[in-house]
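Below is one structure, written out as structure tokens, with a few remarks after it.
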Amino acid sequence: MAWTQRLRQVADQISTIIVGKRPQVEDAIVCLLADGHLLIEDLPGVGKTTLAQALALSLGLQFKRVQFTADLLPGDLLGASIYQREGGRFVFHPGPVFSQVLLADEINRAGPRTQSALLEVMEERQVSLDGATHALPAPFFVIATQNPLDQAGTYPLPESQLDRFLMCIQLGYPDRASERALLAGQDRRAALAGLRPCMQPGELQAAQQAVLAVAVAEPLLDHLQAVLAASRDGRWFVEGLSPRAGLALLRAARARALFEGRDYVAPDDLDALLIQTAAHRLRPLPAAGRGPREQLRAMLDALPAA
């Protein structure tokens with residue numbers, strides 16, 4: 001398909017910076033292609049922030065970064081109306097959220113009040129303040145990084161906010177060969193400075209529209225509903241996947257199909273993205289003794305083949 005080569009150029013360029021993590025790079029591109037938001041959860045120093053910067057630079061998008069801290073207030077993120085004595089009126093001063101890519105760095109180090117300020121932003125792509133509504137630029141993506149919850153000074157994200165992230169991925173440590181290339185290669189800041197856009201924002205929006213035209217057959221919907229029903233039957237999770245989660249998984253599968261050069265969704269598209277799209281929305285039964293990702297894999301293995 002026409003978009004596949006362009007999207008692979010983006011992935012190729014990012015992979016020169018994020019070495020040895022091609023599947024995660026492709027997941028990030030698929031998430032943004034599906035017009036979703038991305039949560040990157042992992043230890044500090046594995047390249048979460050660098051991936052977000054490389055993605056924005058490779059797509060030619062306006063990028064802003066906010067370091068989330070315990071004392072960050074909603075106004076620091078959204079902006080504020082400031083009284084101007086000369087004009088005798090309040091004037092809205094936009095915050096850093098008014099960008100095409102917002103990197104919410106270490107999002108779970110901010111308090112719940114600030115985290116909740118992102119809910120309307122992520123869902124409605126707008127900011128409501130002092131009785132006025134301000135539209136955000138398009139395209140608009142939130143890429144948030146999150147440290148493990150057992151680290152000091154972190155707050156768990158509420159379920160309502162986790163549900164706004166289309167996908168959650170982990171980078172992990174590089175393998176030995178990739179780490180050697182990283183250690184022997186160019187400094188990451190210098191490498192980022194050398195990146196050039198492989199696509200323009202208008203092209204990305206056109207690709208997002210093309211995602212909506214990717215065909216979904218009835219048997220594929222049967223497979224998706226079987227996955228949703230299994231998550232809700234009480235054997236695996238405290239609560240199952242919501243209809244919104246089902247729509248999110250279908251949207252991500254359509255985007256992956258377009259990335260792979262197909263005009264239809266295959267069962268492999270759903271299965272390849274289920275962990276990234278659904279695990280952060282689920283809590284395993286206490287007796288399971290497994291995390292959500294492992295429990296979801298076990299549930300998938302127990303399902304009949306599509």
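Residues in the sequence shown are numbered from 1 upward in steps of one, following full-length UniProt numbering. For glycine and all other residues, C-beta sits at the position ideal for the given N, C-alpha and C. Note that this is a predicted model, so its numbers are computed, not measured.
Residue span of the beta strand (DSSP E) that contains residue i, given as start and end
i, result
"V127", "Q126 to L129"
"H93", "R89 to P94"
"D105", "V101 to D105"
"Q67", "F63 to Q67"
"A288", "From DSSP, A288 is part of no beta strand (DSSP E); its letter is neither H nor E."
CB contact flag (residue i, residue j, <8 Å)
i, j, result
"F237", "E26", "no"
"D163", "R281", "yes"
"L103", "T49", "yes"
"L195", "G47", "no"
"K64", "S116", "no"
"R6", "E203", "yes"
Distance, residue j Cα to residue i Cα
i, j, result
"Q13", "S81", "40 Å"
"Q295", "D301", "10 Å"
"M167", "V142", "11 Å"
"A230", "H93", "48 Å"
"L72", "E120", "18 Å"
"Q186", "E106", "25 Å"
"P243", "L129", "30 Å"
"P174", "T133", "44 Å"
"A226", "G240", "12 Å"
"Q209", "N147", "33 Å"
"V211", "G289", "38 Å"
"H223", "A213", "20 Å"
Three-state class that DSSP yields for residue i in the structure shown
i, result
"T145", "strand"
"L166", "coil"
"H134", "strand"
"E239", "coil"
"E282", "The residue you asked about is not Glu; residue 282 is Leu in the sequence shown. In the structure shown, L282 sits in coil (DSSP, three-state: anything other than H, G, I, E or B)."
Endpoints, the alpha helix (DSSP H) within which residue i is located
i, result
"P292", "P292 to A302"
Whole-Å CB distance - residue i paired with residue j, under 8 Å assumed
i, j, result
"Q24", "I169", "5 Å"
"R251", "A70", "About 34 Å; that fails the 8 Å criterion."
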